[in-house]
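Taking numbering that gives the first Met the number 0, the leading residue of the sequence shown gets 0, the next gets one more, and so forth. First the structure, in the form of structure tokens, and then the observations on it.
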Amino acid sequence: MQTSNISGASPLARRLLAISLFTLSIVGAALLPKASFAQTPTPSTQQVPGYYHMQLGDFQVTALYDGTASLPVNLLHGISANDIQTLLEDMFVPVNKDGVQTAVNGYLVNTGKELILIDAGAAACFGPAMGGISKSLQAAGYEPAQVSKVLLTHLHADHACGITANGKMAFPNATVYVSKDEAAHWLNKETSAQAPKEAQAFFQFAQDSVAPYEAAGKLKQFAAGASLADGVASVALPGHTPGHGGYMITSADQHLLVWGDVVHSHAVQFPNPQVSIDFDSDPEQAVATREKILARAAQEKLWIAGAHLPFPGIGHVGKQDTGYRWIAAEYAPLPAGN
Ligand SMILES: [Zn+2]
Numbered sequence: 000m001q002t003s004n005i006s007g008a009s010p011l012a013r014r015l016l017a018i019s020l021f022t023l024s025i026v027g028a029a030l031l032p033k034a035s036f037a038q039t040p041t042p043s044t045q046q047v048p049g050y051y052h053m054q055l056g057d058f059q060v061t062a063l064y065d066g067t068a069s070l071p072v073n074l075l076h077g078i079s080a081n082d083i084q085t086l087l088e089d090m091f092v093p094v095n096k097d098g099v100q101t102a103v104n105g106y107l108v109n110t111g112k113e114l115i116l117i118d119a120g121a122a123a124c125f126g127p128a129m130g131g132i133s134k135s136l137q138a139a140g141y142e143p144a145q146v147s148k149v150l151l152t153h154l155h156a157d158h159a160c161g162i163t164a165n166g167k168m169a170f171p172n173a174t175v176y177v178s179k180d181e182a183a184h185w186l187n188k189e190t191s192a193q194a195p196k197e198a199q200a201f202f203q204f205a206q207d208s209v210a211p212y213e214a215a216g217k218l219k220q221f222a223a224g225a226s227l228a229d230g231v232a233s234v235a236l237p238g239h240t241p242g243h244g245g246y247m248i249t250s251a252d253q254h255l256l257v258w259g260d261v262v263h264s265h266a267v268q269f270p271n272p273q274v275s276i277d278f279d280s281d282p283e284q285a286v287a288t289r290e291k292i293l294a295r296a297a298q299e300k301l302w303i304a305g306a307h308l309p310f311p312g313i314g315h316v317g318k319q320d321t322g323y324r325w326i327a328a329e330y331a332p333l334p335a336g337n
């Protein structure tokens with residue numbers, strides 16, 4: 000046979016072959032440019048697109064990243080500053096001079112019949128660290144013009160500013176839905192005129208955000224508990240703001256509650272639901288609402304999506320000691336056919 004392998008060669012031939020391979024490797028290494036070993040690609044300065052899909056029965060829910068806010072730790076009240084510090088350390092949450100990183104998330108629900116956006120982020124209201132919802136939505140394969148409904152959990156600027164871009168409807172074919180109690184507070188000219196000076200900007204943000212929809216007859220108010228689409232119902236969660244609420248998304252016996260601002264600090268408020276935040280209009284009511292909905296979420300094993308939980312902010316609530324814990328969803332492939 001012409002093609003003998005090495006083990007079939009004579010001992011002398013094998014030795015000669017080994018020596019020549021060794022020599023070749025040394026000469027070869029010396030001849031190759033050093034850069035081919037040392038050159039490493041430059042790290043990216045761009046994070047991956049901010050979206051994440053999950054399947055909920057026949058629906059697809061997509062978390063959309065708007066950006067990040069810094070939450071000063073001294074805005075949290077109800078336990079000692081030392082205890083807050085310990086909880087943040089236990090959860091490895093870095094604290095810098097501005098506070099802790101807090102995600103701002105919106106959620107897109109594709110029911111197969113329509114595209115519904117829940118909360119629209121901050122747009123330009125709080126600077127460049129937020130305002131990415133439209134970009135995330137497009138990265139996820141959708142266009143703002145395809146959204147038929149925008150449901151707001153409340154009218155704070157980090158949820159509502161994103162519905163408007165340069166004074167125009169950012170979702171040109173959408174109707175915006177706000178609870179009656181929320182509209183009665185933020186969109187009432189008398190209430191806003193009487194509000195303390197430092198709160199005036201928040202009323203202005205809310206009114207400016209809905210203005211183009213109102214002018215087009217595309218702003219709708221609903222009573223808490225109302226059904227807003229097949230498989231989408233409002234859930235009253237008052238306290239953070241007077242008409243704050245979530246949306247229960249149901250498909251094929253699976254339930255996901257998009258709960259808005261029930262929790263601002265996952266490290267602190269899951270184990271201690273009694274901790275409130277300065278932004279709460281009625282801290283006592285906010286605490287009572289949080290305790291009630293955490294108990295329900297744990298009991299009914301609901302999927303949860305939170306506007307300020309670490310992105311994508313989707314997961315479950317478990318009971319732990321005297322409080323609760325957050326169990327984030329694991330990255331998962333989608334069922335075939337989607
Ligand atoms: Zn918020």
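Positions of the beta carbon are idealized from the N, C-alpha and C atoms, including for glycine.
Identity of the residue in the options nearest residue i by Cα
i, options, result
"Leu86", "Val103, Gln45, Asn271 and Gln38", "Asn271"
"Ile292", "Gln268, Ser280 and Phe278", "Gln268"
"Lys112", "Val177, Asp281 and Gln59", "Gln59"
"Val72", "Ile326, Asn95, Leu55 and Phe204", "Asn95"
"Ala205", "Thr67, Ala159 and Val234", "Ala159"
"Ala287", "Gly130, Gln273, Phe125 and Leu151", "Gln273"
"Gly317", "Lys300, Ala304 and Ala306", "Lys300"
"Asp57", "His254, Pro241, Thr321 and Glu142", "His254"
"Gly77", "Ala37, Ala285 and Tyr64", "Ala285"
"Gly98", "Tyr106, Gln84 and Asp89", "Gln84"
"Phe310", "Ala232, Ser226, Tyr50 and Phe221", "Tyr50"
"Met90", "Ala37, Ala222, Tyr106 and Ser264", "Ser264"
"Gly314", "Ala304, Ser191 and Thr61", "Ala304"
"Thr61", "Tyr323, Ser191, Ala306 and Glu197", "Ala306"
"Pro241", "Gln319, His155, Arg324 and Ser226", "His155"
Integer-rounded CB distance, given that residue j should sit under 8 Å from residue i
i, j, result
"Gly224", "Thr249", "About 14 Å separates the two Cβ atoms, so there is no contact after all."
"Asn172", "Ala144", "5 Å"
"Ile115", "Ser147", "7 Å"
"Gly259", "Thr174", "With a Cβ gap of about 19 Å, Gly259 and Thr174 do not count as contacting."
"Ala228", "Met247", "Rounded, the Cβ-Cβ distance is 11 Å, inconsistent with contact."
Per-residue burial, residue i [other beta carbons within 10 Å of its own, 16 or more giving buried]
i, result
"Glu181", "buried"
"Arg289", "buried"
"Tyr330", "exposed"
"Leu308", "buried"
"Lys217", "buried"
"Val47", "exposed"
"Thr22", "Confidence is the limiting factor: at Thr22 the pLDDT is only 45, short of 50, which leaves the residue's position unreliable and the question unanswerable from this model."
"Ser208", "buried"
"Asp157", "buried"
"Ser19", "Unreliable placement is indicated for Ser19, whose pLDDT of 49 sits below 50; the coordinate value is still reported in the next sentence. Looking at its Cβ environment, which holds fewer than 16 other Cβ atoms inside 10 Å, Ser19 is exposed."
"Gly166", "exposed"
"Ile326", "exposed"
"Pro211", "buried"
"Trp185", "buried"
"Asn81", "exposed"
Please go through the segment 149 to 188 and give each complete beta strand (DSSP E) segment of 3 or more residues, from N-terminal end onward.
-> 174 to 178
Can you list, in chain order, the stretches of the alpha helix (DSSP H) that have 4 or more residues and sit fully within the segment 238 to 324?
-> 265 to 268 and 282 to 298
Got a list of residues with beta-carbon closer than 6 Å to any non-hydrogen atom of ligand 1, in chain order?
-> His155, Asp157, His158, Asp260, Ala306 and His307
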